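Undergrad: Before we start, here is the structure in question, set down as structure tokens.
Residue numbers (our numbering): 117 to 289.
Structure follows, in structure tokens:
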């Protein structure tokens, strides 16, 4: 199995993470969106991501990870062995409080190319931190989604600041 999309809750995720830690597990794409996952499950997920180097795409959209969950996820992203290329975190009740950890992960993770932070509430201060990270040559992000996100208008200014960078921003009133 290379691609997996499952419906589960925090307790079942623990078992899935045990499978992900198995060296024989070669899943490349894991979609866990719309599962009501919370920050409580991220410890198991971080453990799995720190040993599974085949996973390249992780969709955690439409859950309730919150800032504390994303801060933990960033621990795994900072691991040089982490091969995640695409990460979706839209609709996760994120605020500016998690952006410092995201910025740190963006400057040390050389695999992450796509990041979806749409429909959160990062605000002006969070967006400002992200802008600084995107200007860093160590940041490899090529595609960033920040749609319907408070503070997202500033990111339009980044278009063209780095070759290949595409920023998607739209604001609905």
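Cβ coordinates follow ideal geometry from the N, Cα and C atoms, glycine included.
Everything numeric in this text was worked out from a predicted model, so none of it was measured.
1. Taking the alpha helix (DSSP H) that residue 188 falls in, what are its first and last residues?
2. Measuring only the C-alpha atoms, how far is residue 139 from residue 162?
3. So, is residue 142 buried or exposed, given that buried needs 16 or more other C-beta atoms within 10 angstroms?
4. How about residue 263 and residue 234: do their beta carbons lie closer than 8 angstroms?
5. Less than 8 angstroms between the C-beta atoms of residue 243 and residue 217, yes or no?
6. Distance check for residue 137 and residue 197, CA to CA, integer angstroms please.
7. Quick check on residue 207: buried or exposed, where buried means 16 or more other Cβ atoms within 10 Å of its Cβ?
8. Can you tell me which of the three DSSP states residue 126 falls into?
TA: Let me lay it out:
1. 182-193
2. 16 angstroms
3. exposed
4. yes
5. no
6. 14 angstroms
7. buried
8. helix
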